[in-house]
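Reading the sequence shown from the start, the letters are residues 1 to 184 in UniProt numbering.
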Amino acid sequence: MAPKKNDDSIPKKIRKRGDRGRTIMKSVIQERSRRNALLENTWNVNECHKSFVLSKAGTALNRHRHNLSIHVQNVRVEQPPNKYADIISKEDWLEFVKHCNDPAFLEISAANKVRGSRAGECPSRIGRKGYAKLEQEILSETQSEELSLPRHRLFRTARLDKNGRTNNPKALQIIRDIFALLSI
Numbered sequence: 001m002a003p004k005k006n007d008d009s010i011p012k013k014i015r016k017r018g019d020r021g022r023t024i025m026k027s028v029i030q031e032r033s034r035r036n037a038l039l040e041n042t043w044n045v046n047e048c049h050k051s052f053v054l055s056k057a058g059t060a061l062n063r064h065r066h067n068l069s070i071h072v073q074n075v076r077v078e079q080p081p082n083k084y085a086d087i088i089s090k091e092d093w094l095e096f097v098k099h100c101n102d103p104a105f106l107e108i109s110a111a112n113k114v115r116g117s118r119a120g121e122c123p124s125r126i127g128r129k130g131y132a133k134l135e136q137e138i139l140s141e142t143q144s145e146e147l148s149l150p151r152h153r154l155f156r157t158a159r160l161d162k163n164g165r166t167n168n169p170k171a172l173q174i175i176r177d178i179f180a181l182l183s184i
């Protein structure tokens, strides 16, 4: 069924072109969607993918909050960024700014920045392999009947170079401390 030519819901630029079936209905639907203030999207996710999708959504939400908090810290505005002005209400934005400027939040943020800056002090050399595959590799090489390895052995093995040495002094000190505690 073709829409009426004098319907107000059809954008004017499309009316001039004439009816085009699906194309014009798609434009009408898009125009009506733009007019709606709130859109609620739902996805039907298979149960086997549910945890993966939720974890990705949580990561995306945290990244979005982080980007907004950077905007708050750098600009300190009373209005939401233009990019999000139609999504975020002014009241929600002011609450978010208040939360980001709260002394407790700033203290936690500073502690997280310090902890994050220490992440590269003792890097592993296993790349994208990860501890689980490293453990499988060690167990298959040694033909051991063990199901898992102690974490301190994985930590040490992950920081060895191709010659079997640890060149990082921080990693070497941590490994010595671990083995000193194990020998007690």
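Even for Gly, the Cβ is constructed at its ideal location relative to N, Cα and C. Computed from a predicted model, the values in this text were never measured in an experiment.
Of the listed residues the options, nearest to residue i (C-alpha basis)
{"i": "residue 152", "options": "46, 176, 146 and 145", "result": "176"}
{"i": "residue 134", "options": "95, 103 and 159", "result": "159"}
{"i": "residue 155", "options": "132, 147 and 102", "result": "132"}
{"i": "residue 129", "options": "157, 88, 56 and 171", "result": "157"}
{"i": "residue 162", "options": "87, 179 and 126", "result": "126"}
Assigned exposure category for residue i - 16 Cβ within 10 Å defines buried
{"i": "residue 97", "result": "buried"}
{"i": "residue 123", "result": "exposed"}
{"i": "residue 68", "result": "buried"}
{"i": "residue 113", "result": "exposed"}
{"i": "residue 60", "result": "exposed"}
{"i": "residue 171", "result": "buried"}
{"i": "residue 103", "result": "exposed"}
Residues near residue i by beta carbon distance below 7 Å, same chain, minus five either side
{"i": "residue 99", "result": "105"}
{"i": "residue 168", "result": "122 and 159"}
{"i": "residue 174", "result": "122"}
Residue i - DSSP class collapsed to helix/strand/coil
{"i": "residue 173", "result": "helix"}
{"i": "residue 154", "result": "helix"}
{"i": "residue 181", "result": "helix"}
{"i": "residue 165", "result": "coil"}
{"i": "residue 58", "result": "helix"}
{"i": "residue 127", "result": "coil"}
{"i": "residue 122", "result": "coil"}
{"i": "residue 46", "result": "coil"}
{"i": "residue 159", "result": "coil"}
Run of the alpha helix (DSSP H) containing residue i, from where it starts to where it stops
{"i": "residue 111", "result": "103 to 117"}
{"i": "residue 132", "result": "130 to 142"}
{"i": "residue 92", "result": "90 to 100"}
Chain D contact for residue i (CB, 8 Å cutoff)
{"i": "residue 109", "result": "The structure shown contains no chain D; it holds only a single protein chain."}
Residues near residue i by beta carbon distance below 6 Å, same chain, minus five either side
{"i": "residue 137", "result": "none"}
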